[in-house]
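These notes concern the structure reproduced below.
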Amino acid sequence: MNKEKQRPEWVPKQTDDVFATYVVEGVEGGHDGMPGQSVNDSVRTAGVPRRRLSTDDYVQGVLSGNRTILARAITLIESNAPVHMEAAQEVLKHLLPYTGKSVRVGITGVPGAGKSTFIEALGSILCDRGRKVAVLAVDPSSTVTRGSILGDKTRMEILSRKENAFIRPSPSGGTLGGVTRKSRETMLLCEAAGFDVILVETIGVGQSEVAVRTMVDFFLLVVLT
0 MNKEKQRPEW VPKQTDDVFA TYVVEGVEGG HDGMPGQSVN DSVRTAGVPR
50 RRLSTDDYVQ GVLSGNRTIL ARAITLIESN APVHMEAAQE VLKHLLPYTG
100 KSVRVGITGV PGAGKSTFIE ALGSILCDRG RKVAVLAVDP SSTVTRGSIL
150 GDKTRMEILS RKENAFIRPS PSGGTLGGVT RKSRETMLLC EAAGFDVILV
200 ETIGVGQSEV AVRTMVDFFL LVVLT
């Protein structure tokens, strides 16, 4: 039985296979005592690693407005892996001349105040008027996976279907101030991608949600009345 071993690119080469995954060829048709047949390699796509992008790939992809490349660039920027930090700095250095043309709006408020509902309504209006809108939603982090718990994108179904809208949920990673450690850099990427308006939704869990104020042009507080 064929077995492919894959290691994440952020794992140091000198470490063992503790983070390695194995892709094992599956079988089909094996039931009721009948022997199964191996899945054809031509249709077995699980576990195939994505092509590693160069700095030029990231830069050209972001500047052309490619959402997939933009999402991967944000993931690169947010990564804590030492192997990614140098590449992230190179990407930012090349994109900086194309930033500074967007309107940044920070939105905060207590949980349940309606931040996501407000952002979806505002973003939909802007998209209908021909504007490109990026939504950067900061979610609480899971203590197990370190990923987002809430996933605000799932609560903005209408806006997520707009062709000129981009929604990116990111885990706070324990950072205070309602934003992530790389929120400022993420905004720069969205500006370089040509978005006219960038809406930043803070995590909304207390009174320390003011760090975003230094990153945006307008700061809105959503309250219950």
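Going by numbering that gives the first Met the number 0, the first residue of the sequence shown is number 0, and it counts up by one from there.
We put the beta carbon where it would ideally sit given N, CA and C, even for glycine.
No experiment lies behind these values; they were computed from the predicted model shown.
On the three-pair Cβ rule with 8 angstroms, is the segment 90-110 touching the segment 179-193? Cβ pair count under 8 angstroms is three or more, so yes.
On the premise that G108 lies in contact with V215, defined as a C-beta separation below 8 angstroms, what is that separation, rounded to the nearest angstrom? Taking the sequence shown and counting its residues from 1, the one referred to as residue 215 is at position 216. Taking the sequence shown and counting its residues from 1, the one referred to as residue 108 is at position 109. In this structure V215 is not in contact with G108, their Cβ atoms being roughly 15 angstroms apart against a cut-off of 8 angstroms.
So what does DSSP say about S123, is it helix, strand or coil? Looking up residue 123 in the sequence shown gives position 124. DSSP places S123 in helix when its eight states are reduced to three.
Go ahead and label M186 buried or exposed: buried means 16 or more other beta carbons lie within 10 angstroms of its beta carbon, across all protein chains shown. Residue mapping note: residue 186 aligns to position 187 of the sequence shown, counting from 1. Per the 10 Å Cβ criterion, buried.
With DSSP run on the structure shown, which of helix, strand or coil describes F217? If you number the sequence shown from 1, residue 217 lands on position 218. Here F217 sits in strand by DSSP.
Expected contact under 8 angstroms - CB spacing of E200 and L91 to nearest Å: In the sequence shown, the residue the question calls residue 200 occupies position 201. In the sequence shown, the residue the question calls residue 91 occupies position 92. Between L91 and E200 the Cβ distance is about 23 angstroms, and since that is not below 8 angstroms, they are no contact.
Tell me the DSSP bridge mates of L135? Within the sequence shown, numbered from 1, the residue matching residue 135 stands at position 136. R167, V199.
Neighbour-count burial assignment, R51, 16 or more Cβ in a 10 Å radius: Indexing the sequence shown from 1 puts residue 51 at position 52. So R51 ends up on the exposed side.
If you drop the 5 nearest sequence neighbours on each side, which residues of the same chain put their C-beta closer than 8 angstroms to that of I157? On the sequence shown, position 158 is the one that residue 157 refers to. Within the same chain, I157 has close Cβ partners E119, S123.
Identify the continuous beta strand (DSSP E) that holds V102 and give its terminal residues. The residue you call residue 102 lines up with position 103 of the sequence shown. Taken as a continuous stretch (DSSP letters only), the beta strand (DSSP E) holding V102 covers 102-108.
When you compare only the Cα positions, how much space is there between S115 and P168? Counted from its first residue, the sequence shown places residue 115 at position 116. Counted from its first residue, the sequence shown places residue 168 at position 169. Distance between the alpha carbons of S115 and P168 is about 12 angstroms.
Apart from the five residues on each side of it in sequence, which residues of its chain come closer than 6 angstroms, Cβ to Cβ, to L223? Counting from 1 along the sequence shown, the entry for residue 223 is found at position 224. Counting only Cβ-Cβ distances below 6 angstroms, and skipping sequence neighbours, we find A112.
Measure the beta-carbon distance from V102 to D195 and round it to whole angstroms, keeping in mind my assumption that it falls under 8 angstroms. Counting from 1 along the sequence shown, the entry for residue 102 is found at position 103. Counting from 1 along the sequence shown, the entry for residue 195 is found at position 196. That belief holds up - the Cβ atoms of V102 and D195 are roughly 7 angstroms apart, short of 8 angstroms.
Would you please state the rounded distance, in angstroms, between the beta carbons of L219 and I68? I believe it to be under 8 angstroms. Translated into the one-based positions of the sequence shown, residue 219 becomes position 220. Translated into the one-based positions of the sequence shown, residue 68 becomes position 69. L219 to I68, Cβ: 30 angstroms. No contact.
Could you round the C-beta distance between Y57 and A80 to whole angstroms and report it? I think they count as a contact, below 8 angstroms. As a working note, residue 57 is residue 58 in the sequence shown. As a working note, residue 80 is residue 81 in the sequence shown. Wrong, their Cβ atoms sit about 16 angstroms apart, outside the cutoff.
Give the DSSP-derived three-state secondary structure of T98 in the structure shown. The count along the sequence shown starts at 1 and reaches residue 98 at position 99. Correct three-state label for T98: coil.
To the nearest angstrom, how far is it from the Cα of R212 to the Cα of R180? Locating residue 212 in the sequence shown gives position 213, counting from the first residue. Locating residue 180 in the sequence shown gives position 181, counting from the first residue. One C-alpha to the other measures close to 14 angstroms.
So, under 8 angstroms CB-CB, S78 and L135 are touching, yes? Tell me the CB distance rounded to an integer number of Å. Walking along the sequence shown from the start, residue 78 turns up at place 79. Walking along the sequence shown from the start, residue 135 turns up at place 136. Rounded, the Cβ-Cβ distance is 17 angstroms, inconsistent with contact.
Under a three-way DSSP split, which group does T74 fall into? The count along the sequence shown starts at 1 and reaches residue 74 at position 75. Three-state result, T74: helix.
Beta-carbon proximity check, F217 vs R66, cutoff 8 angstroms: Indexing the sequence shown from 1 puts residue 217 at position 218. Indexing the sequence shown from 1 puts residue 66 at position 67. For F217 and R66, no; Cβs fall outside 8 angstroms.
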